[in-house]
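Written below as C-alpha cells is the structure these notes are about.
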Amino acid sequence: MNEFDQFVKHQLKAKYYIRYADDFVILSENEKHLQTIITPIQKFLLNELKLELHPHKVSVETLGSGVDFLGWVHFFHHRVLRTTSKKRMLKKIKSNPQEKVLNSYLGLLRHGDTHGLKIKVKNEFLLNLDE
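Residues 28 to 158 (my numbering) make up the sequence shown, in order.
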C-alpha cells in the first residue's frame, strides 16, 4: 500500500489523507475535487495493486455528517461507535460473557463518547458474571 500512499500524496496532492491497512479517508474542502479523484484512484488500485474499491463504501460526505472510519463515526470534537459495531459487540459479549471479553470491549469503548453504552454493558453483563 506504500505505492498507493505515494500516489495519493504526490500525484493527487491530497493534503488530508488517512489510511489504516486497506481503509482510507481523503478530506478536502472542494467536493468537486473529491469527485474527480475517485476514477484515478480506482484505476491506480486496479492497475498497480490489483485491488478494487468496494462499490458501497465510496462516498463524498460533509464533515458535519461524520466520517465513518474503522468502526467509529468521527465528528469534529467527538466520535461515536458505529451502530453495526455496537450491535456486533453486544452480540459477542452475550454469546461469550467472560470477564476478559468484557474488559477488552470496555477498553475499546474508552476511545469514544460511549459513557451510556459502558454503563449498559457493565450493568447488563458484569452482574451476570457474578452469578
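Think of the CB as a built atom: it goes at the ideal place given N, C-alpha and C, for glycine as much as any other residue.
Query	Result
I think residue 98 touches residue 86, with their Cβ atoms under 8 Å apart; what is that distance to the nearest whole Å?	With 8 Å as the limit, residue 98 and residue 86 do not qualify as a contact, their Cβ atoms being about 16 Å apart.
Determine, using beta carbons only, whether residue 50 and residue 28 come nearer to each other than 8 Å.	no
Counting along the chain, where does the alpha helix (DSSP H) carrying residue 32 start and finish?	29 to 33
Tell me whether residue 146 is buried or exposed, calling it buried when 16 or more other Cβ atoms sit within 10 Å of its Cβ.	exposed
Just to check my reading of the structure: residue 9 and residue 148 have Cβ atoms closer than 8 Å, yes? What is that Cβ distance to the nearest angstrom?	Limits of the chain in this structure are 28 at one end and 158 at the other, which puts residue 9 out of reach.
Could you please give the first and the last residue of the uninterrupted beta strand (DSSP E) stretch that includes residue 106?	106 to 108
Quick check: the stretch 30 to 46 against the stretch 69 to 79, are there 3 or more CB pairs under 8 Å?	yes
If I measure Cβ to Cβ from residue 34 and keep anything under 6 Å in the same chain, skipping five residues before and after, which residues do I get?	71
Report yes if the C-beta distance between residue 108 and residue 141 is below 8 Å; otherwise report no.	yes
The beta strand (DSSP E) with residue 54 in it runs from where to where?	50 to 54
Would you tell me roughly how many angstroms separate the C-alpha atoms of residue 158 and residue 91, rounded to the nearest one?	The predicted model places residue 158 with a pLDDT of 48, which falls under 50 and marks its position as unreliable; any figure quoted below should be read in that light. The alpha-carbon atoms of residue 158 and residue 91 are separated by roughly 44 Å.
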